[in-house]
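Comments concern the structure below.
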């Protein structure tokens, strides 16, 4: 509701979908999402394409490279090909690229999409109704 009030026409909720029952993400990646705490993700690879990563061995290599001033070519070499697939879909939690949003710290259960969407919609309507009740 806040995003729409600010003029957005939609919101991205990929983290909730990645952790859903129907998601094709590996069970180990889903479990890592459930275990994520505040501060367990960080925005990285800004020179290539900004992506928020769960901290793991791959993240540590990227962070070290970025801190020493690595350029795009070196970062692309570290990233390689298929790194996201390796982490998110094959379950390699050490060497895979584990893309997930900050909201992961608030995800505590793996639920079906239907339940997630029902909850989001009901929360949206509840907040909208509360705002409409306010007399200015």
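In my numbering, the protein residues as written are 16 to 151. By construction, the Cβ of each residue, glycine as well, lies at the ideal position given by its N, Cα and C atoms. Predicted, not measured: the structure shown is a model, and the values here were computed from it.
For residue 133, the number of other beta carbons within 10 angstroms of its own is below 16, and it is reported as exposed. Nearest in C-alpha terms to residue 90, of all of 59, 20, 128 and 39, is 59. As a beta-bridge residue in DSSP terms, residue 67 pairs with 58. If you compare the alpha carbons of 22, 115, 31 and 78 with that of residue 126, the shortest gap goes to 31. For the pair of segments examined, the segment 80-88 was found not to touch the segment 97-117: the number of CB pairs separated by less than 8 Å stays below three. In this structure, the straight-line span from the alpha carbon of residue 131 to that of residue 56 is close to 22 Å. Residue 82 sits in a helix when the DSSP states are folded into three classes. The Cβ-Cβ distance between residue 68 and residue 113 falls below 8 Å.
Contact between residue 54 and residue 116 is ruled out by a C-beta separation of about 13 Å, above the 8 Å threshold. Between residue 40 and residue 51 a beta carbon distance of about 13 Å is seen, past the 8 Å cut, so the two are scored as non-contacting.
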